[in-house]
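A.B. asks: Per the working numbering: the sequence shown = residues 660 to 743.
Even glycine gets a Cβ: it sits at the ideal position worked out from N, Cα and C.
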Amino acid sequence: MTAYHHGNLRAALIQCGLELMERDGIHALTLRAIGEQLGVSRSAAYRHFKDKEALLSAIYEAGADGLHGARVCPFCGRKSEPNS
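#1: Go to Asp683, then tell me how far its alpha helix (DSSP H) extends in each direction, as first and last residue.
#2: If you run the structure through DSSP and keep just helix, strand and coil, what is Lys709?
#3: Alpha carbon to alpha carbon, how far is Gly666 from Leu726? Give it in angstroms, no decimals.
#4: Can you tell me whether Ala671 is buried or exposed, with buried defined as 16 or more other CB within 10 angstroms of its CB?
#5: Using DSSP with H/G/I as helix, E/B as strand and the rest coil, what is Leu688?
#6: Note down the Cα distance separating Gly684 from Ala704, rounded to an integer number of angstroms.
#7: Is DSSP giving Ser716 helix, strand or coil here?
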């Protein structure tokens, strides 16, 4: 992921977080690491997400939205029905 330059920082944080997890695993996912990778301050990342759990939730929701209601856990790949 290249450095962030004006635009939708929230979406950039979610995308970068997903890429970081895919490459280095969930334990490497921190708002600090994502901020560094995007070239923004840690406080900029915290303006969009309260903590790592909030970021993980947003990553999950973004994945679910992309599947038109079919939810797939980004960590294990398990699918669930839209209302479960």
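C.D. replies: Once the coordinates are examined:
#1: Annotation for Asp683: the continuous alpha helix (DSSP H) segment containing it runs 668 to 683.
#2: Note: Lys709 maps to coil in three-state DSSP.
#3: Because the pLDDT at Leu726 is just 47, under 50, the model does not fix this residue reliably, and the point stays unresolved.
#4: With 16 or more other Cβ atoms inside 10 Å of its own Cβ, Ala671 counts as buried.
#5: In the three-state scheme derived from DSSP, where H, G and I count as helix and E and B as strand, Leu688 is classed as coil.
#6: Put simply, the backbone Cα of Gly684 is about 19 Å away from that of Ala704.
#7: Reduced to three states, the DSSP call for Ser716 is helix.
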